[in-house]
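Below is one structure, written out as structure tokens; the observations come after it.
And the structure:
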């Protein structure tokens, strides 16, 4: 995550021209990825403090892996958004935006929904476990209510006719 933020900051030093996506878009993506990283860190911490119960270890690991996968996917999009913002050539920017719009955002949206649902399924299989219920609610808030709508917004923004 620090590497991605460092790249965004380095790219911010270059001259800026009008772009489809902007620093605010990259910042919002970075905020979501940081929130997912924080959530992932909390799950890892809980995982390290569990008793030696294989079922619980597996369940917590499952949540962690789904968060990690969502985090990595959003980092990939963040890097592409950052690159698109600081491209010197409008043709290069257009190429990256086309890849983001056609190749990254639609499957990433579905992927994040799958990850959110996978975490919710863990809560459903452990209905008496308040921790998994909280994890499910938090995953829904982060992935379903923040990340997916943000990807939808970026998709609309990129897909809007450019002049």
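In our numbering, the protein residues as written are 2 to 164.
All C-beta atoms in this analysis are idealised placements derived from N, C-alpha and C, irrespective of residue type, glycine included.
Which value, in whole angstroms, describes the spacing of the CA atoms of residue 76 and residue 150? Reading the chain shown from its first residue, position 75 is the one you call residue 76. Reading the chain shown from its first residue, position 149 is the one you call residue 150. Computed Cα separation, rounded: 16 Å.
Please work out which residues of its chain come closer than 7 Å, Cβ to Cβ, to residue 69, disregarding the five sequence neighbours upstream and downstream, and give them in chain order. Mapped onto the chain shown, residue 69 falls at position 68. The answer, listed in chain order, is 41.
Would residue 45 and residue 123 be called neighbours here (beta carbons separated by less than 7 Å)? Taking the first residue of the chain shown as position 1, residue 45 is located at position 44. Taking the first residue of the chain shown as position 1, residue 123 is located at position 122. Contact: no.
From residue 56 to residue 48, what does the alpha carbon distance come to, in whole angstroms? Position 55 of the chain shown, counting from 1, holds the residue named residue 56. Position 47 of the chain shown, counting from 1, holds the residue named residue 48. C-alpha separation (whole angstroms): 12 Å.
Rounded to a whole number of angstroms, what is the C-alpha to C-alpha distance between residue 144 and residue 103? For the purposes of this step, residue 144 is identified with residue 143 of the chain shown, where counting begins at 1. For the purposes of this step, residue 103 is identified with residue 102 of the chain shown, where counting begins at 1. Residue 144 and residue 103: Cα-Cα distance of roughly 21 Å.
With distances taken between CB atoms, is the gap from residue 120 to residue 136 smaller than 7 Å? For the purposes of this step, residue 120 is identified with residue 119 of the chain shown, where counting begins at 1. For the purposes of this step, residue 136 is identified with residue 135 of the chain shown, where counting begins at 1. Cβ atoms of residue 120 and residue 136: closer than 7 Å.
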